[in-house]
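Under the numbering used here, think of the first position of the sequence shown as 3, with each following residue one higher.
Cβ coordinates follow ideal geometry from the N, Cα and C atoms, glycine included.
These notes concern the structure reproduced below.
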Amino acid sequence: MSSNAPRRPVRDLRFFLTVPHACSYLPGKEATTLFLDPQESPVPGVYDSLSLLGFRRSGRHLYRPHCEGCNACRSVRIPVDHFSANRTQRKVWRRNADIETRVIPARFDASHYALYADYIRQRHADGDMFPPSRDQYRTFLTLEEPYAHLLEMYLDDELVAVAAFDQLEHGLSAIYTFFKVDDALEKRSLGTFAILKLIELCQEKRLPHLYLGYWIEECRKMRYKQAFSPIELLDGRHWRPLIR
3 MSSNAPRRPV RDLRFFLTVP HACSYLPGKE ATTLFLDPQE SPVPGVYDSL SLLGFRRSGR
63 HLYRPHCEGC NACRSVRIPV DHFSANRTQR KVWRRNADIE TRVIPARFDA SHYALYADYI
123 RQRHADGDMF PPSRDQYRTF LTLEEPYAHL LEMYLDDELV AVAAFDQLEH GLSAIYTFFK
183 VDDALEKRSL GTFAILKLIE LCQEKRLPHL YLGYWIEECR KMRYKQAFSP IELLDGRHWR
243 PLIR
């Protein structure tokens with residue numbers, strides 16, 4: 003993503019803080035979220051600058067955690083030119099050699115929504131994205147901006163997974179991945195495969211980083227991110243290697 007429009011300094015932007023709410027990841031914790039003024043469109047220059055400071059996109063909103071007394075949510079990214087797949091990831095790559103992928107704009111498609119709704123019902127019925135709805139899906143994952151894309155994955159002409167991602171000036175940002183929940187597909191590890199494909203796409207586009215959002219060491223659901231090596235985390239305003 004690039005733009006010839008002048009960049010607005012971050013200090014000139016307005017931000018709002020949500021009231022404390024239950025943390026989605028750490029039981030018994032409260033969270034607050036810092037949002038860019040909703041009247042500001044997530045245009046390329048603004049989005050690029052804020053992504054380097056740990057902001058993420060959800061629909062038309064740019065946000066990051068801003069919790070008093072807690073910094074468990076850490077922004078992480080993969081420096082793709084130094085990425086080295088481990089044995090498990092190499093197996094996932096080979097296992098999915100028959101998957102066909104296509105990159106398309108992030109527009110609404112009924113087949114995408116059907117796959118998403120089934121995924122949420124089967125995998126996240128206990129989360130805040132349940133129950134799924136078309137309006138929720140449109141708000142979350144569709145955006146008519148040139149940087150917003152979907153990576154479709156097909157097996158024998160059947161849609162089996164979709165990964166939403168954005169193309170930034172300095173990398174790709176993985177937004178969300180959903181896939182067909184089926185015992186026959188379980189060993190394919192389609193979520194891991196989606197990340198591997200986005201790493202490959204970064205390399206093809208000569209973009210240095212794949213942004214994976216937030217990582218919480220104590221959160222079991224996020225542990226898959228640390229399997230990608232090397233990985234960097236945002237420490238204040240600086241990115242440094244995650245050493246474990």
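Asked: Cα-Cα separation between L55 and R239, rounded to whole angstroms; Found: 6 Å
Asked: Buried or exposed by the 16-neighbour rule on C-beta atoms within 10 Å, applied to G173; Found: buried
Asked: Close beta carbons around Y121, own chain, < 8 Å, minus the five adjacent residues each side; Found: F180, F181, K182, V183
Asked: Completely contained alpha helix (DSSP H) runs for the stretch 73-114, where each covers 4 or more residues; Found: 89-97
Asked: Three-state secondary structure (DSSP) of E188; Found: helix
Asked: For D128 and P230, the rounded distance between their alpha carbons; Found: Note that residue 230 is Phe in the sequence shown, not Pro. The straight-line gap from Cα to Cα measures roughly 27 Å.
Asked: Beta-carbon contacts of F17 that lie in its chain and below 8 Å, excluding the five residues immediately before and after; Found: L36, F37, L38, D39
Asked: Distance CB(F85)-CB(I245) smaller than 8 Å; Found: no
Asked: Same chain only: Cβ atoms within 6 Å of W241, ignoring 5 sequence neighbours per side; Found: E234
Asked: Beta-carbon separation (whole angstroms), A150 vs P107, contact threshold 8 Å; Found: 7 Å
Asked: Contact under 8 Å by Cβ, K199 with L161; Found: no
Asked: C-alpha distance - E147 paired with V45, whole-angstrom precision; Found: 8 Å
Asked: Exposure of V48, with buried meaning 16 or more beta-carbon neighbours within 10 Å; Found: buried
Asked: Endpoints, beta strand (DSSP E) assigned at G173; Found: 173-181
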